[in-house]
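>
Residue numbers (the numbering used here): 19 to 421.
Structural data, given as structure tokens:
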């Protein structure tokens, strides 16, 4: 053996699969993104379904600034680029200095649905980037809403914004105009008025104005390009760092304009991890005959896969995926993932949602992804990835500023 090399462990050819109970399940029911809006409007005197985050205290006017892709660890790792956000870390989660979790999978469509409805994925029914529609057998992209599906059949629950608006709270969303009429906005973020503004500065200024427009207000504003640059260039890039610096200034701009009796919460829909471009880190489903055997559809995304088996092959697919990936991914059957609480409380899985979850669910533990170079060329080329239950993906800030 070459100098400096150590012998592989005796069981290296038969690695032990990760135990499912080692997966860090999201903190549904009091410490997740789904619990934020129910907490805020409960404090404003509106009775809504859902759990509350006990560390938060009420305010008459509440504003949430959601920064796509900016996880807890990304702020902690970049104090020079984000001095203002870093200064607020101790305020997170009601002054405990702790993060919250986003839910599984840690992806935008799922997280925004959880945030806007106040429900976990097992109830709102957007349990991944792409999932199988049991009614058609086709993969449904829940971010881009393709193929077209009636949004209110797919997700029938009211949003917290709608409930707040009906209760007389001044309710508004301030975001990019391109999101005004999307199905995801319709079923997750609608209620009150939508205000489209192109620049980040315009959004911050208008969010502050909308917050002041009511004695009781609920305002949401959003910025996407931290996530966009992370996917395309990775978090070691100047492009990503530039976006972090920009959004840090936006957060401070909004905080400095808060009207009296206001609380601003700065949070995110997921974190992100850069994945190296090598065969060890990127496992190509389209080139791997073992992983493809018995699989009818591959859903989800690289770090959180829904695997739909050919009828009758479910047990075999689970066995193979565990054998091939089980020491690097938590690999569960649908029932195991549900029972473990990956998608929310086990008893809360609605019947219409159950069949959308994969026969096999694979969540990354290591710095690895399952790509699909032929069927998902765009997604497979991304540098930054997210979706799983690791802390860097799951944990997001809940920074707080009060006036």
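Quick reminder that beta carbons are idealized off the backbone N, C-alpha and C, glycines included.
1) Less than 8 angstroms between the CB atoms is what I'm expecting for residue 277 and residue 111, so what's the real figure, rounded?
2) Just to confirm my understanding: we take residue 178, look at its own chain, exclude 5 residues before and 5 after, and list those with CB closer than 7 angstroms. What are they?
3) When the Cα of residue 315 is compared with those of 355, 365, 256, 375, which residue comes out closest?
4) In the DSSP output, which residue or residues are listed as bridge partners for residue 213?
5) Drop a sphere of 10 angstroms on the beta-carbon of residue 256, count the other beta-carbons inside from all chains shown, and report buried for 16 or more, exposed for fewer.
6) Sort 126, 148, 105 by Cα distance to residue 267 and report the nearest one.
7) In chain order, what are the residue ranges of uninterrupted alpha helix (DSSP H) at least 4 long that sit wholly in the region 385-412?
8) Is it right to say residue 295 is buried, meaning 16 or more other beta carbons lie within 10 angstroms of its own, or is it exposed?
9) By the three-class DSSP mapping on this structure, what secondary structure does residue 12 have?
10) Based on Cα-Cα distance, which residue from 288, 412, 180, 157 lies nearest to residue 209?
11) Answer yes if the region 182-189 comes into contact with the region 219-237, meaning at least three C-beta pairs across the two stretches below 8 angstroms, and no otherwise.
12) Excluding the 5 residues flanking residue 242 on each side, which residues of the same chain have their C-beta closer than 6 angstroms to its C-beta?
13) Is the CB-CB distance between residue 244 and residue 88 below 7 angstroms?
14) Closest to residue 371 by CA distance: which of 172, 247, 404, 330 is it?
15) Can you give the Cα-Cα distance for residue 213 and residue 340, rounded to whole angstroms?
16) Assign residue 266 to one of three DSSP states: helix, strand, or coil.
17) In three-state DSSP terms, what is residue 302?
18) Let me check one thing: in DSSP terms, what residues is residue 417 bridge-paired to?
19) My understanding is that residue 275 touches residue 334, with C-beta atoms under 8 angstroms, so please give their C-beta distance in whole angstroms.
20) Go ahead and label residue 308 buried or exposed: buried means 16 or more other beta carbons lie within 10 angstroms of its beta carbon, across all protein chains shown.
21) Whose C-alpha, out of 158, 153, 282, 330, is nearest the C-alpha of residue 421?
22) Assign residue 53 to buried or exposed, taking buried as 16 or more other Cβ atoms, counted over all protein chains shown, within 10 Å of its Cβ.
23) Is there contact between the region 158-176 and the region 89-100, where contact requires at least three CB pairs shorter than 8 angstroms?
24) Excluding five sequence neighbours on each side, which residues of the same chain lie with their C-beta closer than 7 angstroms to the C-beta of residue 23?
25) Distance check for residue 174 and residue 27, CA to CA, integer angstroms please.
26) Any idea what DSSP makes of residue 150, helix, strand or coil?
27) What are the complete beta strand (DSSP E) segments, minimum 3 residues, inside the region 84-172?
28) Is the CB-CB distance between residue 146 and residue 324 below 7 angstroms?
29) Please confirm whether residue 139 and residue 347 have their CB atoms less than 7 angstroms apart.
30) Are the beta-carbon atoms belonging to residue 401 and residue 292 less than 7 angstroms from one another?
31) Beta-carbon separation of residue 406 and residue 381 under 7 angstroms?
The answer reads as follows:
1) Contact doesn't hold; Cβ gap of about 24 angstroms is too wide.
2) 55, 56, 59, 66, 134, 135, 136
3) Sorting 355, 365, 256, 375 by C-alpha distance to the C-alpha of residue 315 places 375 at the top.
4) 192
5) exposed
6) 105
7) 395-398, 409-412
8) By the 10 Å Cβ count, residue 295 comes out exposed.
9) Residue 12 lies beyond the stretch modelled for the chain, which goes from 19 to 421, so this question has no answer here.
10) 180
11) Yes, the region 219-237 is in contact with the region 182-189.
12) Sequence-distant Cβ neighbours of residue 242 in its own chain, meaning closer than 6 angstroms and more than five residues away, are 86.
13) yes
14) Nearest C-alpha to residue 371: 172.
15) 47 angstroms
16) helix
17) When DSSP states are grouped into helix, strand and coil, residue 302 belongs to the strand group.
18) 284
19) With 8 angstroms as the limit, residue 275 and residue 334 do not qualify as a contact, their Cβ atoms being about 59 angstroms apart.
20) exposed
21) 282
22) buried
23) no
24) In this prediction, residue 23 has a pLDDT of 34, which is less than 50 and means its spatial position is unreliable; what the coordinates show is noted afterwards. So the list is empty, once near-sequence residues are dropped.
25) Bear in mind that a pLDDT of 48 at residue 27, under 50, signals an unreliable position, so the number given afterwards is only what the model happens to contain. Taking the straight line joining both Cα atoms gives about 52 angstroms.
26) Correct three-state label for residue 150: strand.
27) 148-150, 157-159
28) yes
29) no
30) The answer is yes: Cβ separation under 7 angstroms.
31) yes
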